[in-house]
Amino acid sequence: MSAGRRLLRAASLAAALGLWQLLTSLDVDLWLRFEQFPTVGEVASALADRAGTAEYWQDLGFSLRRIAIGFLLAAVLGVATGTAVARSRWADDLLGPLIEVARPVPAIALVPVAILLLPTNEQGIVFITFAAAFFPVVVSTRHAVRALSPVWEEAVLTMGGGRLRVLFSVVLPGALPGIFGGLSVGVGVSWICVISAEMISGEYGVGYRTWQAYTVVDYPGVFVGMVTIGALGWLTSTAVELLGGRATNWLPRPAVRPVTRRAFTPAVPAKEPVA
Amino acid sequence: MSTTTTLPVTTTRTGAELALHRAELGHAGVPPVLGELDLRVTPGEVLTVVGPSGCGKSTLLRTLAGLLPPLAGEATQDGQPIRRPGADRALVFQHDALLPWRTVRANIELPLAIRRVPRTERRRAAADWLDRVELSGHAGRLPHQLSGGQRQRVQLARALAGRPRAVLMDEPFGALDAHTRSGMQDLLVDILRDTGATVVFVTHDVDEALYLGDRIALLAAGQVLDVPHPRRRDAASATTALRRRILASL
Chain A
1 MSAGRRLLRA
11 ASLAAALGLW
21 QLLTSLDVDL
31 WLRFEQFPTV
41 GEVASALADR
51 AGTAEYWQDL
61 GFSLRRIAIG
71 FLLAAVLGVA
81 TGTAVARSRW
91 ADDLLGPLIE
101 VARPVPAIAL
111 VPVAILLLPT
121 NEQGIVFITF
131 AAAFFPVVVS
141 TRHAVRALSP
151 VWEEAVLTMG
161 GGRLRVLFSV
171 VLPGALPGIF
181 GGLSVGVGVS
191 WICVISAEMI
201 SGEYGVGYRT
211 WQAYTVVDYP
221 GVFVGMVTIG
231 ALGWLTSTAV
241 ELLGGRATNW
251 LPRPAVRPVT
261 RRAFTPAVPA
271 KEPVA
Chain B
1 MSTTTTLPVT
11 TTRTGAELAL
21 HRAELGHAGV
31 PPVLGELDLR
41 VTPGEVLTVV
51 GPSGCGKSTL
61 LRTLAGLLPP
71 LAGEATQDGQ
81 PIRRPGADRA
91 LVFQHDALLP
101 WRTVRANIEL
111 PLAIRRVPRT
121 ERRRAAADWL
131 DRVELSGHAG
141 RLPHQLSGGQ
151 RQRVQLARAL
161 AGRPRAVLMD
171 EPFGALDAHT
181 RSGMQDLLVD
191 ILRDTGATVV
201 FVTHDVDEAL
211 YLGDRIALLA
221 AGQVLDVPHP
231 RRRDAASATT
241 ALRRRILASL
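Protein sequence lines correspond, in order, to chains A and B.
Residues 1 to 275 in full-length UniProt numbering are what the first sequence lists, from first letter to last.
Residues 1 to 250 in full-length UniProt numbering are what the second sequence lists, from first letter to last.
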């Protein structure tokens, strides 16, 4: 990215922070009320205080671990299920209706299910994180696999390749751009659900701590939680995008302008209602 | 170009005999595209197939490849029924059949990888084929970084690298400009010379069919004609009458 573009991005963030500081320090009350709202300075000093405690980093570790396990499970099982449903009529008939019925249920509404089914809260939170990311990954994988050109498969078949060869040399690499579209959506939805689940039933974690701050009317603490969630979400989705860009660097680059760092664009847009 | 003694890239094996016996071709559930077809492609010959578009040329190739079972009758290779696609019968498509995420080299190595040829041998064979199709400098490129003609040369190399006994070509030069096309025809004649493979070459270009084919099958008319001087550019005058006859049949 050019220095100019970096500057513009930094300026955009700085302007938003500046506006926030201005509105809150002046206690603006123009229908929207900023008197109670913590200023940037208050949030920053609260963040600095919190970052100095072991508890903060412990919460962060808990949330990241829940995301990592739930999301990775969803990625692996989602790609496997999506591929199976797209490639086999048998799997489609068997799993298709189940997926379609379960998909509209918001993952966070599965809290009672998680509590009934799983022995520990921790497993319940991971389960909800998994359920949130699973469906976007399944749906985008299914679309991506179905959209593959049959010519590639026929070429491999007429070279003597079997089912496994077709799967690993054609289907999975060819569907990868679409799969990463689903993974990008999935990791975002995972964060929404892990934080919500922590707020409801956690004992540790960024979501739990944020809710705790709210119950004791510690507004700067609430904002520390939000900033932390924002940063973590940005970090993980950037990691997924980078990985996707790396894994699909064979895609033709746009020829219109020289691009130094190519943004990753999924071939199949995957949209999932926020759970 | 050096011919390696350790690994023959080409084979002296004879080409496959392909045949259709009272075959009806097409997709299940719809009326057959081609009905009651008898055809025998003799080992090692180049049979060109011409016919108006939609007459079932691609269906014929896909049936011979084993991708599409005949609706009735039988498709055979050396007298044995063709039941599934296999490495014996390579298919060359009109375009976009290279795997876009594999480099040129990796595409050419693919049929060898499928056969579990060791990596060093694969490398050597791919390098040799790249040399033959004059793309040695492009081994590390991706298909979309090549021109249409270059991509088709890679496809030829990929199809032949697997040392098939028959090569089925579905208008492989159909999307190329006239100049590139005639160069590709010469290249094809050159690289086919010592493979011994049987070739079924589908085209809608009568001149291409006359130049490349030992025989020409007129699919719509159900006739197979001998070509007097196959693969000679100076034979045009000798084939004028034949050319007229083919054009009339289309």
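Just so it is clear, CB atoms sit at the ideal spot from N, CA and C, and this is done for glycine as well.
Neighbours of alanine 175/A in chain B, taken as residues whose beta carbon is under 9 Å from its own, are absent, since the nearest beta carbon is some 11 Å off. Rounded to the nearest angstrom, the gap between the Cα atoms of alanine 14/A and isoleucine 115/A is 43 Å. In the structure shown, valine 133/B falls within a coil segment according to DSSP collapsed to helix, strand and coil. Contact of serine 149/A with chain B by beta-carbon distance below 8 Å involves Asp96.
Comparing alpha carbon positions, the residue from Leu176/B, Leu146/B, Pro111/B closest to glycine 160/A is Pro111/B.
Judged by DSSP secondary structure, alanine 10/A falls within the alpha helix (DSSP H) whose first and last residues are 3 to 25. Put simply, the CB of glutamate 153/A is far from chain B, with every gap to its CB atoms at 7 Å or more. DSSP lists no bridge partner for glutamine 185/B.
Closest in alpha carbon position to glycine 86/B, among Arg163/B, Arg132/B, Asp214/B, Arg22/B, is Arg163/B. By the rule that beta-carbons nearer than 7 Å mark a contact, methionine 159/A touches chain B.
In the DSSP assignment, glutamine 223/B is bridged to Leu218/B.
Taking CB atoms only, arginine 165/A has a neighbour in chain B less than 7 Å away. Taken through DSSP and simplified to helix, strand or coil, phenylalanine 180/A comes out as helix. In the DSSP assignment, phenylalanine 223/A falls within the alpha helix (DSSP H) that extends over 219 to 247. Alanine 197/B and glycine 78/A have their alpha carbons spaced roughly 44 Å apart. The shortest CA-to-CA distance from valine 41/B to any of Ala75/B, Val30/B, Pro52/B, Ser147/B is the one to Ala75/B.
Take the alpha-carbon of glycine 205/A and the one of arginine 65/A: they are about 10 Å apart. By the criterion of at least three beta-carbon pairs nearer than 8 Å, the segment 127 to 145 of chain A is not in contact with the segment 30 to 48 of chain B.
A Cβ-Cβ separation of about 11 Å leaves valine 224/A out of contact with tyrosine 214/A under the 8 Å criterion. In this chain, the alpha helix (DSSP H) harbouring histidine 143/A covers 121 to 146. The beta carbons of tryptophan 250/A and leucine 142/B sit closer together than 7 Å.
Taking C-beta atoms as the reference points, alanine 107/A and isoleucine 125/A fail to come closer than 7 Å. Residues of chain B whose Cβ lies closer than 8 Å to the Cβ of valine 170/A are, in chain order, Leu99. Membership of threonine 198/B in the beta strand (DSSP E) is indicated by the continuous run 198 to 202. If you ignore the 5 residues before and after glycine 213/B, its C-beta comes within less than 8 Å of the C-beta of Val46, Leu47, Thr48, Phe201, Val227, Pro230, all in its own chain and listed in chain order. Nearest in C-alpha terms to alanine 159/B, of all of Gly79/B, His138/B, Ala65/B, is Ala65/B. Comparing alpha carbon positions, the residue from Leu247/B, Gln152/B, Val189/B, Asp205/B closest to valine 199/B is Val189/B.
Chain A has no Cβ within less than 7 Å of the Cβ of proline 70/B. Valine 156/A has its alpha-carbon roughly 14 Å from the corresponding atom of arginine 62/B.
Below the 9 Å Cβ cutoff, chain A contributes no neighbours of alanine 125/B, its closest Cβ being approximately 14 Å away.
In the three-state DSSP reduction, proline 143/B falls in the helix class (H, G or I). Taking one beta carbon from each stretch, the segment 123 to 131 of chain B and the segment 196 to 211 of chain A have fewer than 3 pairs nearer than 8 Å; the two do not touch.
The Cβ atoms of proline 52/B and threonine 14/B do not sit closer than 7 Å to each other.
Residue pairing of arginine 163/B in beta bridges, as defined by DSSP: absent, with no partner found. Rounded to whole angstroms, the separation of the alpha carbons of arginine 253/A and alanine 144/A is 19 Å.
DSSP places aspartate 59/A within a helical segment (H, G or I) once states are collapsed to three.
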